[in-house]
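Colleague: Questions regarding the structure given below will be posed in turn.
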Amino acid sequence: MLEIDKLKTIERIEHQPTAYVYVAFDKTFSTIRAYADKQADLHKQVLAMQAQKVEIFWLGRLSKAAWDDVMQHWQKGVRLQDCIVLETVRGRR
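Note that the numbering used here gives residue 37 to position 12 of the sequence shown, counting from 1, and the numbers run on in steps of one.
As C-alpha cells, then:
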C-alpha cells in the first residue's frame, strides 16, 4: 500500500457545480503543505513530497469562496487553524 493510500481523504463527488480547492495540511493544521485546483494534481504533489519524507496528515477540499475567506483572514494574521474552523462552522457554501 502506498503512503498516500493511508491518508485521510474525501470522497469524490461527480458533477458538483461548486468549484473546489484541494488542500494538504500537516497534522496540526498550522501549515498548508500543498494545494491545487484538481484532486489529481494535489495527489501528484503529495506523492512527490512523501518521497522526500515531508509529513502530510490530512487532505481536504474547500469551496473556492471558503478558500478565499481563509486566505483573507490568514493574511490579516488570524491563525490558519482558526480560519479553517470558522469555515467549517459556517458549513458548505
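Don't be surprised by glycine CBs; every beta carbon is placed ideally from N, CA and C.
Report all residues from its chain with a CB closer than 6 Å to the CB of K101; omit the five preceding and five following residues, and keep chain order.
Modeller: Taken in chain order, the list of residues that qualify is empty.
Colleague: Along the chain, where does the beta strand (DSSP E) containing A44 start, and where does it finish?
Modeller: Segment: none, A44 is in no beta strand (DSSP E) and carries neither H nor E.
Colleague: Express the C-alpha separation of T43 and D94 in angstroms, rounding to a whole number.
Modeller: Near 15 Å, if we compare the C-alpha coordinates of T43 and D94.
Colleague: Going by other Cβ atoms of all chains shown within 10 Å of its Cβ, with 16 needed for buried, is E13 buried or exposed?
Modeller: Limits of the chain in this structure are 26 at one end and 118 at the other, which puts residue 13 out of reach.
Colleague: Just to confirm my understanding: we take G85, look at its own chain, exclude 5 residues before and 5 after, and list those with CB closer than 6 Å. What are they?
Modeller: Correct list, in chain order: V48.
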